[in-house]
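Residue numbers (my numbering): 1104 to 1775.
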């Protein structure tokens, strides 16, 4: 085993989760971008102060960490706890700790990290094998269940944790990188060109190997990732009831036209395949992945950015199959989607990939954890028909319960996945190239980086986005020569403007169409570039081919999707209407705006013409006549169910006839 000095890789890559060898853009890491305030800073603070401790507590309580101690003591399989893939949750937790330590330097987290690495290290076999569920007397043999065993999947997350540590603490002597390399060396021997000609049922190892190759300089790891991508889709895995597309093993990656099957697996595979395509110069493969991304976004993605409409197999549906009340939209699928989009953004430099990342961050990743950071959604429905019940904070929940966030699940892949994403979020904000710096996500932050010519770029960003649409970038120091500042203007932002103010007071204003808006100049300290985005609420209509929401509209404001929650309905109607199933939206009425919250005109019916029927169909319309109307404020979807059990819907059915009833005006809920 040979490990290239990770300090050299760190100097090239920075504190980043993905560092492609080539590409249109170079990612700026946690050592170059620091989120300092606003929406995402608050969530990072909760993640670091509450969520990480919460995850550590449950991993210990459920015995998933202790599995490694039992392995080291030779006591397995007796006493092993958790599912076959529970090792991966420890590795994702380690990755989250590594990014948070790199971001904050927290000494307590450093101690926890080292203790956990030591416990994992003692469980590794002399030949590098590391898994608590296979390979010992009384357990199934190694690599005997590639369809469901998740052995390679777990190693992929181990490799990503090791990469995070090597990049943020290249001088650390904790041994995690060596653990990962021993496991990777064994894997290359077992699954190499002349080894087992198969793949893992759950993709993830591909991205882990590619990134491990980047941080160590070991090309054999990239070659192994390439082998796994090439073998996928050739029918190497045993058929199952949901078909081989569940594993993405039905069509070779370079021949597929759209993501399909299990949504997490599909996105992890796509992310790893981009890594392979970029680092091997495989333009044909990269082009195929761009096509898959385009078609998946156009036909198989929810308005929130969520993906996956099947509950039983956690999978994509066919084109346009996006029922809101059956949205699975697993949190992990959205995180994997961000990984895929980010890699395409780095490779291609196109704003549409940043648009989807933004949508997914605000409307799935921000939705999953509670405000306290100690409860989570696994699935993210867009329509809650019954209020549900408050989960016991001391009890493990089933994974797909979405009535309220739960503290832990028997399959708890999502909490540590959210934690590692939030801890490394600074690395999704900005990039650089030979000409300048690009801003992809809007957050108050400091940016300090050097361009290819050695020029130091220092910017401070101030914004309370998405509450307002002002994103103000101030040059902290002057530049010897001109460079280009590029800012993503989201596709929804028609009417955006760019205002530039020089240190001497000269002001100019230009329109900023969706896409890239650029300013090229020799910046002086105090120069300001301000992007002003229109934040008025807007109605969004679905493609008519989406049967599940035909005749409905959604409300968006900026990057946020809004929803109607029964709690607000109850308040505004004085208790006369308590269920979101009983309303229609008057789409002809203008949207209001109450302190940043969209306000919609709703109509209700005194009687339902179909009520009391013994057969729910008739020759006449069963749409109720409208008898009352009132205005109701909506809430950001990511805040739903924070006030207790409720019914909720994102897609609001449109009233088929205008209301003739008196209108009740919305009043501030505190006043009412």
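Glycine included, every Cβ here is placed at the ideal spot set by N, Cα and C.
Practice prompt. Leaving out five residues on either side along the sequence, give the residues of the same chain with a beta carbon under 6 angstroms from the beta carbon of residue 1364.
Written response: Hits under 6 angstroms: 1348, 1349, 1351, 1418.
Discussion item. Can you tell me which residues form a DSSP beta bridge with residue 1621?
Written reply: 1589
Worksheet item: In whole angstroms, what is the alpha-carbon distance linking residue 1425 and residue 1752?
Response: 14 angstroms
Item to complete: Measure how close the beta-carbons of residue 1253 and residue 1188 come, nearest whole angstrom, since I'm counting them as under 8 angstroms.
Response: 4 angstroms
Worksheet item: Taking residue 1698 as the reference, which of 1660, 1440, 1486, 1496 has the closest Cα?
Response: Of the listed residues, the one whose Cα sits closest to residue 1698 is 1660.
Worksheet item: Residues in its own chain within less than 8 angstroms of residue 1382 by CB, not counting five upstream and five downstream?
Response: 1123, 1124, 1125, 1313, 1316, 1317, 1325
Worksheet item: Under three-state DSSP, which class holds residue 1405?
Response: coil
Worksheet item: Which of helix, strand or coil does DSSP assign to residue 1764?
Response: Low per-residue confidence applies at residue 1764: pLDDT is 46, beneath 50, and the placement is therefore not dependable enough to give any value.
Discussion item. Which runs of the alpha helix (DSSP H) at least 4 residues long sit entirely within the stretch 1498 to 1548? Give them in chain order.
Written reply: 1517 to 1526
Discussion item. Just verifying my parser: in three-state terms, what is the DSSP assignment at residue 1751?
Written reply: strand
Item to complete: Examine chain C for any beta-carbon lying closer than 8 angstroms to the beta-carbon of residue 1508, and answer yes or no.
Response: The structure shown contains no chain C; it holds only a single protein chain.
Practice prompt. Give the DSSP-derived three-state secondary structure of residue 1579 in the structure shown.
Written response: In the structure shown, the three-state DSSP call for residue 1579 is coil.
Worksheet item: Nearest to residue 1511 by CA position, among 1536, 1481, 1630, 1213, is which residue?
Response: 1481
Fill in: Selected residue, minimal CA-CA separation from residue 1633, among 1625, 1588, 1652
Answer by Cα proximity: 1588.
Item to complete: Decide yes or no for the touch test of the stretch 1588 to 1600 against the stretch 1611 to 1628: beta carbon pairs closer than 8 angstroms, at least 3 of them.
Response: yes
Item to complete: Out of 1185, 1231, 1278, state which residue places its alpha-carbon closest to the alpha-carbon of residue 1218.
Response: 1278
Item to complete: Please say whether residue 1249 and residue 1301 have beta carbons closer to each other than 8 angstroms?
Response: Taking 8 angstroms as the Cβ cut-off, residue 1301 and residue 1249 qualify as a contacting pair.
Worksheet item: If residue 1227 and residue 1138 are in contact, beta carbons under 8 angstroms, what's the gap, nearest whole angstrom?
Response: Their Cβ separation, rounded to whole angstroms, is 35 angstroms, which puts residue 1227 and residue 1138 out of contact at 8 angstroms.
Fill in: Cβ pair residue 1586, residue 1627 closer than 8 angstroms
no
Discussion item. Using 8 angstroms for Cβ pairs, my map puts residue 1269 next to residue 1280. What's the rounded Cβ distance?
Written reply: 5 angstroms
Worksheet item: Would DSSP call residue 1596 helix, strand or coil?
Response: coil
Discussion item. So, at 6 angstroms on beta carbons, what are the nonlocal neighbours of residue 1118 in its own chain, with the 5 sequence-adjacent residues on each side left out?
Written reply: Closer than 6 angstroms at the Cβ level, and outside the excluded window around residue 1118, lie 1132, 1133, 1134, 1205, 1270, 1271.
Worksheet item: The beta strand (DSSP E) with residue 1716 in it runs from where to where?
Response: Per DSSP, residue 1716 belongs to no beta strand (DSSP E) and is neither H nor E.
Fill in: Runs of alpha helix (DSSP H) lying entirely within the stretch 1622 to 1679, each at least 4 residues, in chain order
1669 to 1675
Fill in: Of the residues 1524, 1194, 1653, 1737, the one placed nearest residue 1702, counting alpha carbons only
Of the candidates 1524, 1194, 1653, 1737, the one whose C-alpha sits nearest the C-alpha of residue 1702 is 1737.
Worksheet item: Considering only the beta carbon of each residue, do residue 1411 and residue 1390 sit closer than 8 angstroms?
Response: The answer is no: Cβ separation not under 8 angstroms.
Worksheet entry | Proximity of residue 1471 and residue 1487 at Cβ, strictly below 8 angstroms | Cβ distance not < 8 angstroms, so residue 1471 and residue 1487 don't count as in contact.
Discussion item. Which residue marks the beginning of the alpha helix (DSSP H) containing residue 1268, and which one marks its end?
Written reply: Per DSSP, residue 1268 belongs to the alpha helix (DSSP H) from 1254 to 1271.
Practice prompt. Take the Cβ of residue 1657 as the centre, count every other Cβ of all protein chains shown within 10 Å, and call the residue buried at 16 or more, exposed below.
Written response: buried
Fill in: Local conformation of residue 1237 per DSSP, three classes
strand
Discussion item. I'd like the list of long-range same chain contacts for residue 1220, defined as Cβ closer than 6 angstroms, with 5 residues on each side in sequence excluded.
Written reply: 1277, 1279
Discussion item. If contacts are defined as beta-carbon pairs under 8 angstroms, then residue 1258 and residue 1296 qualify, I think. What distance do you get, rounded to the angstrom?
Written reply: Between residue 1296 and residue 1258 the Cβ distance is about 19 angstroms, and since that is not below 8 angstroms, they are no contact.
Worksheet item: Out of curiosity, what's the CA-to-CA distance linking residue 1229 and residue 1177?
Response: 13 angstroms
Item to complete: Using alpha carbons as the reference points, say which of 1756, 1685, 1733, 1671 lies closest to residue 1746.
Response: Residue 1671 is the option with its Cα nearest to residue 1746.
Worksheet item: At which residues does the alpha helix (DSSP H) containing residue 1328 begin and terminate?
Response: For residue 1328, the uninterrupted alpha helix (DSSP H) segment begins and ends at 1322 to 1334.
Worksheet item: For the beta strand (DSSP E) that residue 1446 lies in, which residues bound it at each end?
Response: Run containing residue 1446: none in the beta strand (DSSP E); it sits in the alpha helix (DSSP H), 1434 to 1451.
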